[in-house]
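Shown next, in structure tokens, is the structure this report addresses.
Numbering (this note's numbering), first residue to last: 166 to 693.
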């Protein structure tokens with residue numbers, strides 16, 4: 166069973182076909198860049214986003230179709246309002262980074278309602294105030310998943326899943342439904358809201374695509390990556406390094422004890438919803454990660470490319486006591502100090518380009534260690550397995566840097582090339598549930614050359630492969646209805662090494678596109 170995955174990011178739209186062996190094929194991409202017409206403003210052309218999604222989805226299907234189902238993964242909290250009758254947006258889409266409603270958030274805080282400017286709530290109110298101040302028009306609000314589902318279904322579906330609804334600021338803290346209190350204060354009519362659905366399960370047809378395959382999986386990008394990395398049991402976590410960094414920890418069926426931000430600076434998230442049952446997680450933020458590498462390249466001119474930083478940093482044995490605090494945009498978890506500034510310390514006449522580059526990379530790794538500790542504290546779970554992905558590759562020298570930071574493992578980058586092309590792909594694939602009777606089969610064959618049984622390729626469980634055992638156990642626990650996903654021997658697990666060289670448990674390193682694609686495919690194929 167193949168799954169079409171549509172992944173809508175901050176800078177573009179991608180689509181690919183995920184095969185039953187979890188490999189990603191026929192990737193098509195359309196750039197849809199946001200614009201910033203004024204400081205603090207981030208907006209995008211929602212119509213161009215919709216057109217791009219249709220184009221790449223049709224191209225992927227033409228190259229690799231037909232498929233059993235469609236999964237959608239998306240940037241979270243970005244906001245679109247459109248006319249229900251015409252399907253035309255009433256204004257630009259407002260990006261999740263947009264700060265134009267920060268003043269409105271402060272005003273609401275004075276009235277006892279805490280809403281952050283990076284969630285959807287005040288963005289919806291802003292767009293409604295601009296397009297329909299009297300609240301008389303028949304309009305629809307949606308996050309990006311809603312908008313893409315509407316587009317693919319030809320306007321038949323106005324839905325969102327709980328992972329996305331939870332980032333709107335309009336949901337009850339227990340995710341039981343929309344908050345009438347917040348809606349009333351912001352004058353948001355309930356009629357504009359999408360229906361909240363499970364993250365996995367058929368919700369309608371993508372009638373605008375060839376063959377009208379069912380739409381059967383929705384997930385926000387970070388939750389899609391969490392699922393795509395197989396972090397589906399309490400204590401399993403992933404960290405994604407991109408412009409910033411996000412660590413998500415699965416904690417199970419019990420909601421975190423805090424309503425908004427935890428004492429460690431993490432936030433509660435819905436990891437997914439299936440059959441009406443919620444699985445919760447906590448999320449920790451690093452505001453600067455890859456952006457610090459871009460700073461080395463674009464502003465300081467110390468490296469020609471991100472890839473070059475690996476060789477530059479490796480040309481010195483250590484940083485020579487040069488330290489970098491990656492706070493170019495302030496500090497997120499655990500401090501949440503937007504006034505903090507990046508700092509480079511310990512420079513001497515002997516400090517050169519290699520030491521500075523290495524210090525920046527190790528500073529990012531130390532911030533990753535901060536996220537691990539904060540997530541463990543707020544999530545009340547020790548992180549048994551940490552999996553790492555990166556939105557751009559290669560991710561330079563981070564493995565060696567992480568090995569020197571407490572709780573930061575040394576990963577081994579390996580696995581099929583197709584997995585490394587787009588880590589987020591298998592995430593939506595793993596959460597996409599086709600109609601009953603159309604379940605696919607995902608191989609459990611171990612790729613070890615010695616793994617044979619009766620003249621055929623044996624399963625990892627049959628041969629007791631130590632490299633595959635943790636992954637197959639997780640997969641079977643996660644996807645009880647179907648067979649576990651293939652995890653090639655040796656490709657997923659390597660030792661987590663602390664500063665003293667002690668083992669800290671397994672780690673998986675996959676690029677984020679694989680994880681998101683995998684999750685979308687999983688949600689589309691009842692892997693959950």
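Backbone N, C-alpha and C fix where the C-beta goes; we use that ideal spot for every residue, glycine too.
- Counting only the Cα atoms, residue 261 lies some 24 Å from residue 303.
- C-alpha of residue 373 to C-alpha of residue 216: approximately 11 Å in a straight line.
- Going by DSSP, residue 551 is part of the beta strand (DSSP E) stretching over 550-555.
- In this structure, residue 311 sits away from residue 333, with a CB-CB distance that is not shorter than 8 Å.
- Beta-carbon to beta-carbon, residue 445 and residue 435 are separated by about 6 Å, close enough to satisfy the 8 Å threshold.
- Spatial neighbours of residue 357 in its own chain (CB-CB distance under 8 Å, excluding positions within 5 residues in sequence) are listed in chain order as 246, 289, 293, 304, 305 and 306.
- Sixteen is the threshold: since fewer than 16 other Cβ atoms of the shown chains lie within 10 Å of the Cβ of residue 464, the residue is exposed.
- Contact annotation: residue 242 and residue 285 have beta-carbon atoms nearer than 8 Å.
- For residue 524, DSSP records no beta bridge to any residue.
- Judged by their CB atoms, residue 212 and residue 173 are not nearer to each other than the 8 Å cut-off.
- Of all alpha-carbon atoms in 231, 256, 250 and 287, the one lying nearest the alpha-carbon of residue 267 is that of 287.
- A contact between stretches requires three or more CB pairs, one per stretch, nearer than 8 Å, and the stretch 203-210 fails this requirement with the stretch 343-351.
- In chain order, 177 place their CB closer than 6 Å to the CB of residue 196, counting only its own chain and leaving out the 5 sequence neighbours on each side.
- Within the stretch 469-538, the runs of alpha helix (DSSP H) at least 4 residues long that lie entirely inside it are, in chain order, 473-479.
- By the Cβ criterion, the stretch 402-409 is in contact with the stretch 526-545, since at least three pairs of Cβ atoms, one from each stretch, lie closer than 8 Å.
- Nearest to residue 497 by C-alpha distance, out of 524, 536 and 477, is 536.
- For residue 394, the three-state secondary structure derived from DSSP is coil.
- A Cβ-Cβ distance of about 5 Å is found for the pair residue 378 and residue 235, placing them in contact under the 8 Å criterion.
- Where residue 220 is concerned, the enclosing alpha helix (DSSP H) starts and stops at 211-229.
- Pairing residue 448 with residue 484 gives a Cβ-Cβ distance that is not under 8 Å.
- DSSP, reduced to helix, strand and coil, places residue 283 outside both helices and strands of the structure shown, so it counts as coil.
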